[in-house]
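Asker: After the structure tokens below, expect a handful of questions from me.
Numbering (our numbering), first residue to last: 1 to 193.
In structure tokens:
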């Protein structure tokens, strides 16, 4: 990556951090599940500069948010969860779109990214994230049936809806910026060669 890439990653990370602050809950789901559109700058970074750029934007926005707003647990469990969810969304979109290189490919990538993120975050919440929250917040440990219910009725549908909302907003942006993103991506490839 060149200086231009590092500057762009820094700018996109800042935008992602601001978008992360503009989060909101969805009424039927628990209040700790918040929707934000901070994965969009990471997706743009990945499409232009490659998957590492998308991962760096996800990382930097979460580091910024942790240092600026902190964490209820004192440990960045929520930030790690957000980072993993972002990667699980951005990387499938990047790889599927890179293979198909069309608007249809982008749509398939966004839907696939949403589903992969929702399923993997459900598994991670069941195995690691929910137990970590109960441990660090000194809450009584949830039983396996309680966790299963929380994952199936709350976390899985929430992440599907979140992914599809991000996908819908990104498609609106992509329909206006696709030519520019493609041009920037080609320029990045040329400068790398």
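Think of the CB as a built atom: it goes at the ideal place given N, C-alpha and C, for glycine as much as any other residue. Being a predicted model, the structure only gives us computed values, none of them experimental.
Can you name, in chain order, every residue of its own chain whose Cβ lies under 7 Å from the Cβ of residue 117, other than the five neighbours on each side?
Answerer: Cβ within range, chain order: 85, 88, 89, 159 and 163.
Asker: State buried or exposed for residue 82, treating a residue as buried only when at least 16 other CB atoms are found within 10 Å of its CB.
Answerer: Result: buried.
Asker: First and last residue of the alpha helix (DSSP H) that includes residue 124?
Answerer: Here the alpha helix (DSSP H) through residue 124 covers 103 to 124.
Asker: So, helix, strand or coil for residue 34, using DSSP?
Answerer: Looking at residue 34 - three-state DSSP - the assignment turns out to be strand.
Asker: Given this structure, state the Cα-to-Cα distance separating residue 33 from residue 106, to the nearest angstrom.
Answerer: For residue 33 and residue 106, the distance between alpha carbons rounds to 26 Å.
Asker: Going by DSSP, which residues form a beta bridge with residue 24?
Answerer: 35, per the DSSP bridge assignment.
Asker: Whole alpha helix (DSSP H) runs in the stretch 128 to 167 with 4 or more residues, listed along the chain?
Answerer: You should have 130 to 136 and 144 to 150.
Asker: If I measure Cβ to Cβ from residue 65 and keep anything under 7 Å in the same chain, skipping five residues before and after, which residues do I get?
Answerer: Within the same chain, residue 65 has close Cβ partners 17, 20 and 79.
Asker: Report the option in 41, 53, 47 and 52 whose CA atom is closest to the CA atom of residue 182.
Answerer: Ranking 41, 53, 47 and 52 by Cα distance to residue 182 puts 47 first.
Asker: With distances taken Cα to Cα, identify the nearest neighbour of residue 166 among 115, 49 and 152.
Answerer: Per the Cα distances, 115.
Asker: For residue 110 and residue 170, which I take to be in contact (beta-carbon distance under 8 Å), what is that distance rounded to the nearest angstrom?
Answerer: Correct: roughly 6 Å between the Cβ atoms.
Asker: If the criterion is Cβ atoms closer than 8 Å, does the pair residue 53 and residue 132 meet it?
Answerer: No.
Asker: Nearest-angstrom Cα distance between residue 179 and residue 190?
Answerer: C-alpha separation (whole angstroms): 16 Å.
Asker: On a CA-only basis, which of 26, 14, 134 and 63 is nearest residue 40? Give me that one, please.
Answerer: That would be 14, whose Cα lies nearest to the Cα of residue 40.
Asker: If we call anything under 8 Å between Cβ atoms a contact, is residue 112 one with residue 92?
Answerer: Closer than 8 Å, so yes.
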